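Heads up, the thing below is written out as structure tokens.
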Amino acid sequence: MSRTDAPPSTRRWVVIGTVLITAFTALIVALGVYLQQDRVTATVTNYGVVDDRTVVVGFDVRRPEGAAVVCRVQAISVDFAAVGTVDVTIPADEADGARVVHRDVTVRTTTRANTGTVQNCVLEGARSQ
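First residue of the sequence shown: 2, per the numbering used here; consecutive thereafter.
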């Protein structure tokens, strides 16, 4: 045995460690994929303050294919208060059930808003505050 060769017991632990690390990594990746399957997300693409009482918010919704979604869209004032809110339902058959759907929504406000945003989106029937 030369100086660079590891003893058989050390090689065995290296192989066992490599197998365990690979299995653990595969488990984490599979868990991540599983948890993302029914996730609904929204991305604001544009917004515009029309006047002191109106904001228009454009957003894309990523959803499970063919799922109905409810999104809460808010108008926010310069002091970060919500000055207008509307719940928008995106039916399952909109855009032929596509995973990504674009919406433009008008939000009526109590005072002048500074911005518009999507607070959250959930599958219809799973509404949370």
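The beta carbon of each residue, even a glycine, is placed where N, CA and C say it ideally should be.
Predicted, not measured: the structure shown is a model, and the values here were computed from it.
If you draw a straight line from the Cα of residue 126 to the Cα of residue 107, it comes to about 23 Å.
Sixteen is the threshold: when 16 or more other Cβ atoms of the shown chains lie within 10 Å of the Cβ of residue 76, as they do, the residue is buried. In this model, residue 64 and residue 111 are separated by some 31 Å (Cα to Cα). Between residue 47 and residue 59, the C-beta gap is smaller than 7 Å, which places the two residues in contact.
Annotated three-state conformation of residue 30 is helix, per DSSP.
Put simply, of 30, 122, 84 and 99 the residue whose alpha carbon is nearest the alpha carbon of residue 113 is 84. When only Cα atoms are considered, residue 70 and residue 52 end up about 29 Å apart. For a cut-off of 8 Å, the C-beta gap from residue 45 to residue 119 is around 6 Å, short enough to register as a contact. Straight-line spacing of the CA atoms in residue 103 and residue 117 works out to 15 Å.
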